[in-house]
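*Asks:* Residues in the sequence shown are numbered from 454 upward in steps of one, following our numbering. Don't be surprised by glycine CBs; every beta carbon is placed ideally from N, CA and C. All of these numbers come straight from a predicted model, not from anything done at the bench. Got a structure for you, written out below as structure tokens; questions coming shortly.
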Amino acid sequence: MALAIVVGVLLIFMGVRSGIIIAFSLALNVLGTLLIMYLWGIELQRISLGALIIALSMLVDNAIVIVEGVLIARQQGSTLLTAINYVIRRSALPLLGATVIAILAFAPIGLSQDSTGEYCKSLFQVLLISLMLSWFSALTITPVLIKWWLFKGAASPAPAAETDPYRGRFYRSYQRILNALLRQKTVTLVVMAALLAGAVWGFGSVRQNFFPSSNTPIFFVDLWLPYGTDIAATEKMASDIETAINGQPGVVTTVATVGQGSMRFILTYSGQRQYSNYAQIMVRMDDRRSIDALTRHVDAYIARYYPQVNASSKRVMFGPSGDSAIEVRIKGPDPDRLRLIASQVSTILTADPAVGSVRNDWQNRSKTIRPQYSPTLGRELGVDKQDIDSALQMNFSGSRAGLYREGADLLPVVVRPPAAERQDANHLQNVLVWSQSRQQYIPLSNVVSGFNLEWEDPLILRRDRSRVLTVMTDPDPLSNQTPGDILARVQPQIDALSLPHGYSIEWGGDAENSSEAQQGLFTTLPLGYLVMFVITVLMFSSLKNAIAIWLTVPLALIGVTPGFLITGIPFGFMALIGLLSLSGMLIRNGIVLVEEIEQQKQEKPQHEAIIYAATSRLRPILLTAFTTVLGLAPLLLDVFFQSMAVVIMFGLGFATLLTLLVLPVIYACFHPKDMRQPQ
């Protein structure tokens, strides 16, 4: 669809012959990209295919510049070969610099060393291949096609050096607007600054997200029974719930795993570690639109028949994900104080209507029967604590007595009493402890002063050698809220909690994953942008021209913010990559325009050169923007790329006006002396 849209736009606005030439170059670039991808070992998957769609509109830019330049030169009376040679000599280096800058805008994601960089690396690789091929083909294949077919059968224009190719009404209207802006440079820049300030302020209202949920018709139901539940009871509970789910319309298949999560079947899935009280049911539907209704039914069924179960439903995610989307880590030395703080955090989370079930990774405290060892009786009978521990392990958990070989596997042989004895607390009185000094068994009741029933933490987890209790939750799938929406409400409340000395709170989940991904991205970003800026300076041998071009980059936010507010799509990690790529597109267009101004200044006064150069770049820049915006329209239907599509479509739509209207004004401000010539 994207390819058809781009080709259709070219045929309509460039004419049939010019459009076919550019479309043929585009097809060759795509085929060459696929060939190099195969040789490089890059597979066709969601990321690489999305990169190809993004590249489609950018691939035609170089060819449009060459074809447009030849058409204008021919209208001015040049012969075909002279026009081709002139355009190639004049455009080769500017187009190369602009192409390299567009590639470098995507370099941070390709060079990122974190898991998100690994996940999205093919995006940079595909754009690197395709954009370099587009520059090469524009200077080699496109001129051949122009010579062979563009003017085939057409009468050569008569020499007319004074012919103005921009005398049409559309061009004249643009020139009048640009003249007015050049006369009111201060007002123009003040208005742009005010719009930028408004866009920055409005961006605070844009919804935030890391990666969206996948559109795969699969969701998971995580089931947590109280800690210590026998795995057989967990299995029965999971089997009953799975049977109930299988009876619902639209369910294709279900897979239940007991004691741990499923095997990692996709990169973005992380299975749960082993717990006897945990089960997970993976449900595949025939249509993802049916998931919400089934999720509502499953939640109601579990709440009615299994009130002791902590259940949560979640979908497959795009991008790296952890155990939960929202995680609050509480660090400190005392388990009791950690649980007290965790209860305060849980209260805040539970109060939010968009939050699903809340749990913590230490789980519930469990009752423990603890024998009270008597040192006096123990010394008298020759029994110490280690002897008691060994006896209790043998009589309840079991002790390994040997190994059984079955093929290549070694299976442990565990000795322990029957289940009826192990599950009876009265059996403690009959436990026999071996006394080394007396060489006989001593009843446990003879060496203890009694048995106490105590609450204890079954799990005490650590992070960086410190005790850390993590409170976890996910958005309610029926709330249509992102983790970013919930964090915006609950994070200020949790961060405002008064913590004792030695205790701290840090955020995990999507907040941490997003921070790590951005850190990996911004680690290489300064170097990449420095190289881009240096290339811009070297191309013009002028610091002022480079700064003028780069000043248009932040103004693109004026188009991006309304795009997100209008569509309601959250700003995610792919949108951040879209901002980086948008900066490359802006600089690319700016380089070509300023290069044209510099060349026209050799023959014309500066004001006239600015007007003529901007007019000559009007159709190529508008056409490139039009093909980009329409070519990315199919990505609005893809939940993974839609935030990036919003950035580029709305941002580039406004950025095109920046390049054609504001950049000439900024350039004139940086060269005020030359503007004193008569206008």
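Given a threshold of 16 other Cβ atoms within 10 Å of its Cβ, counted over all protein chains shown, does His954 qualify as buried or as exposed?
*Replies:* Classification of His954: exposed, given that the 10 Å Cβ count is below 16.
*Asks:* For Ser890, which residues in the same chain have their Cβ closer than 6 Å to its Cβ, ignoring the five residues on either side in sequence?
*Replies:* Hits under 6 Å: Gly835.
*Asks:* Sorted by chain position, which residues of the same chain lie with C-beta nearer than 7 Å to Ile582's C-beta, five sequence neighbours on each side aside?
*Replies:* Answer for Ile582: Thr486, Ile489 and Met490, listed in chain order.
*Asks:* Tell me Asp1091's beta-bridge partners as DSSP assigns them.
*Replies:* None; Asp1091 has no bridge partner.
*Asks:* From which residue to which residue does the alpha helix (DSSP H) around Val1045 run?
*Replies:* Note, Val1045: alpha helix (DSSP H), Phe1026 to Gln1053.
*Asks:* With a threshold of 7 Å on Cβ separation, who are the neighbours of Pro870 within its own chain once the five nearest residues in sequence on each side are excluded?
*Replies:* Taken in chain order, the residues that qualify are Asn848.
*Asks:* Which runs of the alpha helix (DSSP H) spanning at least 4 residues fall entirely within the segment 882-961, listed in chain order?
*Replies:* List check, alpha helix (DSSP H) in window: 936-948.
*Asks:* Please identify the residue among Ile554, Arg818 and Ser666 whose C-alpha is closest to the C-alpha of Leu1035.
*Replies:* Ranking Ile554, Arg818 and Ser666 by Cα distance to Leu1035 puts Ile554 first.
*Asks:* Helix, strand or coil: which one does DSSP assign to Trp588?
*Replies:* DSSP places Trp588 in helix when its eight states are reduced to three.
*Asks:* In whole angstroms, what is the alpha-carbon distance linking Val1144 and Ile1000?
*Replies:* Since the first residue of the chain shown is 454 and the last is 1132, residue 1144 is not available in this structure.
*Asks:* Using CA atoms only, rank isn't needed, just tell me which of Met1038, Leu1010 and Glu1049 is closest to Ala650.
*Replies:* Of the candidates Met1038, Leu1010 and Glu1049, the one whose C-alpha sits nearest the C-alpha of Ala650 is Leu1010.
*Asks:* To the nearest angstrom, how far is the alpha carbon of Thr1020 from that of Tyr728?
*Replies:* For Thr1020 and Tyr728, the distance between alpha carbons rounds to 43 Å.
*Asks:* For Ile465, which of Phe1123, Leu1076 and Val924 has the nearest alpha-carbon?
*Replies:* It is Leu1076 whose Cα lies nearest to the Cα of Ile465.
*Asks:* Return the CA-CA distance between Val762 and Gly712, expressed in angstroms with no decimal places.
*Replies:* Spanning the two alpha carbons is a distance of roughly 15 Å.
*Asks:* To the nearest angstrom, report how far apart Phe718 and Pro911 are at their CA atoms.
*Replies:* Phe718 and Pro911: Cα-Cα distance of roughly 31 Å.
*Asks:* In angstroms with no decimal places, state the Cα-to-Cα distance between Tyr857 and Leu580.
*Replies:* Going from the Cα of Tyr857 to the Cα of Leu580 covers about 57 Å.
*Asks:* What residue does the alpha helix (DSSP H) around Asp745 start on, and which one ends it?
*Replies:* Per DSSP, Asp745 belongs to the alpha helix (DSSP H) from Ile744 to Tyr758.
*Asks:* Can you check which of these residues, Gly981, Ile1050, Pro702 and Gly973, is closest to Asn998 by C-alpha distance?
*Replies:* Among Gly981, Ile1050, Pro702 and Gly973, the Cα nearest to that of Asn998 is on Ile1050.
*Asks:* I'd like the list of long-range same chain contacts for Leu864, defined as Cβ closer than 8 Å, with 5 residues on each side in sequence excluded.
*Replies:* If we look at Leu864 and ignore the five residues flanking it on each side, its Cβ neighbours are Leu856, Tyr857 and Arg858.
*Asks:* Under the rule that 16 or more other beta-carbon atoms within 10 Å means buried, what is Pro547, buried or exposed?
*Replies:* Flag for Pro547 reads buried.
*Asks:* Can the beta-carbon of Ile474 be found less than 8 Å from the beta-carbon of Leu586?
*Replies:* No.
*Asks:* So for Asn577, helix, strand or coil by DSSP?
*Replies:* Note on identity: in this sequence residue 577 is Phe, with Asn being the wrong assignment. It is helical.
*Asks:* Comparing alpha-carbon positions, which option in Pro561, Ala633 and Thr710 lies nearest Ile684?
*Replies:* Answer by Cα proximity: Thr710.
*Asks:* Looking only at C-alpha atoms, which of Ala1121, Leu505, Pro1125 and Gln661 sits nearest to Leu1085?
*Replies:* For Leu1085, the nearest C-alpha among the options comes from Leu505.
*Asks:* So Met716 is in the beta strand (DSSP E); what residue range does that whole segment cover?
*Replies:* Neither: Met716 is in no beta strand (DSSP E) and is coded neither H nor E.
*Asks:* Mind reading off the beta-carbon distance from Ala756 to Leu676? Whole number of angstroms is fine, and I expect it under 8 Å.
*Replies:* Their Cβ separation, rounded to whole angstroms, is 12 Å, which puts Ala756 and Leu676 out of contact at 8 Å.
*Asks:* Tell me where the beta strand (DSSP E) around Ile495 begins and ends.
*Replies:* Here Ile495 belongs to no beta strand (DSSP E), and DSSP marks it neither H nor E.
*Asks:* So, at 8 Å on beta carbons, what are the nonlocal neighbours of Thr552 in its own chain, with the 5 sequence-adjacent residues on each side left out?
*Replies:* Cβ within range, chain order: Asn515, Leu584, Met585, Ser587, Trp588 and Arg1041.
*Asks:* Are at least three pairs of beta-carbons, each pair with one atom in the segment 967-982 and one in the segment 795-815, less than 8 Å apart?
*Replies:* No, the segment 967-982 does not touch the segment 795-815.
*Asks:* Looking at the strands, I want to know which residues DSSP matches up with Asn813.
*Replies:* Answer is Val924.
*Asks:* Let me know the alpha helix (DSSP H) ranges lying completely inside the segment 1066-1119, each 4 residues or longer, listed in chain order.
*Replies:* You should have 1071-1084 and 1095-1110.
*Asks:* Rounded to the nearest angstrom, what separates Gln725 and Gln661 at their Cα positions?
*Replies:* Using only the alpha carbons, I get a separation of about 27 Å.
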